[in-house]
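For the sequence shown, the working numbering assigns the number 7 to the initial residue and increments by one for each residue that follows. We put the beta carbon where it would ideally sit given N, CA and C, even for glycine. To start, the structure itself, in structure tokens.
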Amino acid sequence: MTEINCSHIKIHMKRKEKLAILLAEIEDLMLYVKEWEKIYADKIEQVHPEYADAARNLVHYYALRSQKIGNLQKRLGNFGLSRLSESEPHIMASLATTRSILKSMLKEKVKYPKVQPSFKRSRKATRRNAKELLGYRSKGRRCRIMVTLPGKYFDDFDLIYELVENGMNCGRINCAHESPEEWTRMIENVKIASEQLRKTCKISMDLSGPKIRTGFIARDARIIKIRHQIDALGNSISPIKVFFGKSDNPDSNIPEIPLQNYDAKLIKKNVVLKYTDSRFKQREIVVQEISENGFLADLDKTTFFETDFPIQIDEENAFLIGMLDQKKKPLYLKENDILIIMKEQTTAQRKKIITDTGEIEPAYISCTAPQIFGMVKPGEPVVFDDGIIEGFIEEMDEEEIQVRITNVKGKIGKLKEDKGINFPESKLLLPSLSQKDLDDLPFMLQYADVINVSFVQFPQDVANLTKIIKEQNVDRNVGLILKIETKTGFDNLPDIILEAMKVYPIGVMIARGDLAVETGWDKIGHIQEEILSFCKAAHITSIWATQVLENLAKKGIPSRAEITDAVMATRADCIMLNKGSYILKAIKLLDKILRNVNKKSTALKPIDD
């Protein structure tokens, strides 16, 4: 017998009474879920036949999710019953089974129901749909691996061969970069490698969507970065040896910086020269050896050298840096700086310029979507490059948006061209398909197995795309992956999936980069879990993306946090790796992680099939 405090009155409730209350609540939930099925009946009827059960189950999950059932779950758990916490793929079957068990515990006559989708049928459907979208999984793994193909190696067959050999199930081409000629070479290399290895590797291609990016920066900065060298153990070699002038040894591995007005008579050995680099960092250059053509010196820190910048010898004399190769120098921004976003498609101004009147002119840059000028307002936040630089709109007019910088990564933030700009709290109504997307689509429909649809926010975005695809009269089946990258897209996810279910097969990518910026860093963990649950309920393929093993792929050494992130990602059906200099190391480690997770179970959780 149990005591329950209700309105300050102690009520003694027997076990049978508690079971009866649980049974009534489960039956009420079943009726509530069925009502939602009626409300969505028209949308369910329109889905592809392969998704008939899945669409109903998605609506059931959506209905159950709308109810506060935490207390019910706790009380079910107290009786050793299912808490419905793993019921996403088979909501009605789980509720009906729980109801039958409760009736049995109450000594009622029970006939266990046959409800579709059943537990087994839902698992089979999820596996079948993943195979149709992304091909066969690698032996020994449940989870597939998608890899963003590095565009600069588009003609490197050996690299593609090794990626396929080491477990790449799908090669992703980001069509925001490179050209159809380079995409063709990448696709050919994947197909040839797959045939030689007798493996199946699918091709996915990204529609760029309405991504807002920073505009053009001219390649006229003549600059070079001298950094610490690394030994075989990964330790920095200090000091940094640099030769200033023209070296007599062209085969030397020592970096060389040209000088314009070098005069050996002006310096002596062990003299310390002063230099302010292009990031306004004060540096000391210690002279070690002197020759007629230049001098060898030591640096103690990473330094950026730029043409015409002075190396100060004393108050009266200085050497000027000679002509360096042209590079695109980023905009350097600090907290409290002003950055102007220009509506006019103009070349960025990199430096703050002191005018004749003594005023400081802020840096400015254009953006790729000038139509936002009628959609954003002062006070709204602005985020650049996936959160590297943050600010808010301080003032604006028809031609300029004045952004006050509030946060940068490190002491100085570097903003380059073609980097994302997000307006997390602004209501942006941009077309779901850009002109570039429309131009790229025929190529994708001819060569891609899967099209990744960026920045899906509304069901109509999917409807617009599927209508265009249908008009193309494509005689082959092309899958769709919906990239959820905004709060609006997440909020509309059930209706987006139901619209997409009119074609087969489909999947959802959890694009954590823009999604974290748009929804807030504190919410992204919860939101990615919610998206996984929606995918399970809809029996569709989930892809876990953005910064998986990022340090390893780019720097060669993984962080501990990203290893555990990779393990957590195995709950998805596919994991996406981004390109990097060490992408082969990344795919080999991820393949090993996935195989180990597949072999070993933790606690009482069963091993997946």
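For residue i, three-class secondary structure by DSSP
| i | result |
| --- | --- |
| Lys280 | strand |
| Val170 | helix |
| Leu421 | strand |
| Leu239 | Legend: pLDDT at Leu239 = 47, less than 50; position of this residue unreliable, value from coordinates given subsequently. Leu239 falls in the coil class under three-state DSSP. |
| Leu213 | strand |
| Thr472 | helix |
| Asp391 | helix |
| Thr374 | coil |
| Leu339 | strand |
| Leu439 | coil |
| Ala369 | strand |
| Ile273 | coil |
| Glu312 | strand |
| Val414 | strand |
| Asn604 | helix |
| Thr220 | strand |
Whole-angstrom distance between residue j and residue i, CA atom to CA atom
| i | j | result |
| --- | --- | --- |
| Ile599 | Ile589 | 15 angstroms |
| Met402 | Val388 | 13 angstroms |
| Pro123 | Leu90 | 15 angstroms |
| Leu29 | Arg143 | 41 angstroms |
| Tyr338 | Trp189 | 33 angstroms |
| Thr309 | Arg134 | 55 angstroms |
| Val603 | Asp597 | 10 angstroms |
| Ile487 | Val456 | 7 angstroms |
| Arg518 | Asp467 | 20 angstroms |
| Asn557 | Asn267 | 42 angstroms |
| Leu595 | Asn175 | 15 angstroms |
| Ala131 | Asp59 | 9 angstroms |
| His66 | Ala375 | 39 angstroms |
| Lys49 | Ser72 | 19 angstroms |
| Val414 | Leu421 | 10 angstroms |
| Asp320 | Tyr281 | 11 angstroms |
| Lys616 | Asp212 | In the structure as shown, the chain begins at 7 and stops at 615. Residue 616 is therefore absent and cannot be evaluated. |
| Leu82 | Val116 | 19 angstroms |
| Phe249 | Gln351 | 41 angstroms |
| Ile166 | Asn172 | 10 angstroms |
| Val277 | Phe286 | 22 angstroms |
| His54 | Lys137 | 17 angstroms |
Distance CB(residue i)-CB(residue j) smaller than 8 angstroms
| i | j | result |
| --- | --- | --- |
| Leu538 | Ala567 | no |
| Cys149 | Ile512 | no |
| Ile232 | Ile246 | yes |
| Ala454 | Val484 | yes |
| Phe379 | Lys349 | yes |
| Ser616 | His545 | A query on residue 616 cannot be resolved here, the shown segment of the chain reaching from 7 to 615 and no further. |
| Thr154 | Arg191 | no |
| Leu87 | Ile107 | yes |
| Tyr510 | Glu56 | yes |
| Glu423 | Ile569 | no |
| Asn323 | Leu272 | yes |
| Pro437 | Pro216 | yes |
| Ile503 | Phe540 | yes |
| Leu101 | Met36 | yes |
| Val462 | Lys489 | yes |
| Leu326 | Phe311 | no |
| Ala551 | Ala592 | no |
| Pro465 | Glu491 | no |
For residue i: DSSP bridge partner residues
| i | result |
| --- | --- |
| Arg289 | Tyr281 |
| Asn428 | Val389 |
| Ser297 | Gly300 |
- Give, in chain order, every unbroken run of the beta strand (DSSP E) that is at least 3 residues long and sits entirely within the segment 501 to 588. Qualifying beta strand (DSSP E) stretches, in chain order: 512 to 517, 547 to 551 and 580 to 583.
- Item | Every unbroken alpha helix (DSSP H) within the segment 110 to 179, with a cutoff of 4 residues, ordered by chain | 125 to 140 and 163 to 171
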